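Okay, structure first, notes after.
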Amino acid sequence: PATSNLGLKEAGINLDGSRIVVNERLETSVPGIYAVGDAIGGAMLAHTAFAEGTVAAENALGEQKSIAKEAIPNCIYTQPEAASVGLTEQQALEAGYRIKVGRFPLRANSKALTENVDGFVKVIADEAQDKILGVHILGPHATELIAEAALAIRLQATIEELAATIHPHPSVSEAMAEAALAANKIALHIPN
Numbered sequence: 448p449a450t451s452n453l454g455l456k457e458a459g460i461n462l463d464g465s466r467i468v469v470n471e472r473l474e475t476s477v478p479g480i481y482a483v484g485d486a487i488g489g490a491m492l493a494h495t496a497f498a499e500g501t502v503a504a505e506n507a508l509g510e511q512k513s514i515a516k517e518a519i520p521n522c523i524y525t526q527p528e529a530a531s532v533g534l535t536e537q538q539a540l541e542a543g544y545r546i547k548v549g550r551f552p553l554r555a556n557s558k559a560l561t562e563n564v565d566g567f568v569k570v571i572a573d574e575a576q577d578k579i580l581g582v583h584i585l586g587p588h589a590t591e592l593i594a595e596a597a598l599a600i601r602l603q604a605t606i607e608e609l610a611a612t613i614h615p616h617p618s619v620s621e622a623m624a625e626a627a628l629a630a631n632k633i634a635l636h637i638p639n
């Protein structure tokens, strides 16, 4: 974060290195002063900063809002696209979860086949509660598809709920439901 020469220390705003320290409401150590985006560290992504700005503005007007950090999507705009939200398998295990993982190859998705593309969707869930902990996508439209996964994590959806969501056919989005089904070993279209 580029916070030097702003007079933050003189204003009484706490810093951690060059990062402005904020609470969960994005308020600094000085009541009524908020900070967002790259200045506070964390997920330095444009969409995160935009969401933080909205939350900070609402809190400045008296609300009690916070950012759902577990549901911030990460996107890589390459060919193929890559996107993820939530925990990786390793992070989930390190956090003490017993997990189940569903993987669905896009070569088994009719829309992806018509576009002659490959990739996958992976869903990681808590084995005990079936709650979705993370989703990782590699393939066409991954940066668009990840929004569904971010919403699922934000709402603490289960893999059963994701699998039961009706997805349009043919669409690459069907791979989300198939990956959820695969976590329970009941995917419909995984090739032999």
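According to the numbering used here, the sequence shown is numbered sequentially starting from 448. Glycine is no exception: its CB is placed at the ideal position from the N, C-alpha and C atoms. Values in this document were obtained by computation on a predicted structure and should not be read as measured data.
| Query | Result |
| --- | --- |
| If you draw a straight line from the alpha carbon of S595 to that of E457, how long is it in whole angstroms? | According to the sequence shown, residue 595 is Glu rather than Ser. Straight-line Cα distance between these residues: approximately 44 Å. |
| If you run the structure through DSSP and keep just helix, strand and coil, what is L455? | coil |
| Given this structure, state the Cα-to-Cα distance separating D463 from L455, to the nearest angstrom. | 12 Å |
| Note down, in chain order, each residue of its chain lying with its Cβ closer than 8 Å to the Cβ of S451, except the 5 sequence neighbours on either side. | S465 |
| In chain order, what residues of the same chain have a beta carbon less than 6 Å from the beta carbon of D485, not counting five sequence neighbours either side? | P448, M491 |
| Determine whether the beta carbon atoms of A555 and I637 lie at a separation below 8 Å. | yes |
| Measuring CB to CB, does G500 end up less than 8 Å from V483? | yes |
| What are the boundary residues of the alpha helix (DSSP H) that includes H583? | No alpha helix (DSSP H) holds H583; the beta strand (DSSP E) holding it covers 579–585. |
| Tell me which residue opens and which closes the alpha helix (DSSP H) that N644 is part of. | Only positions 448 to 639 of the chain appear in this structure, which leaves residue 644 out of reach. |
| Look up A641 in the DSSP assignment and say whether it is helix, strand or coil. | What is shown of the chain runs 448 to 639, which leaves residue 641 out entirely. |
| For a test of the three-state rule: what should DSSP assign to L609, helix, strand or coil? | helix |
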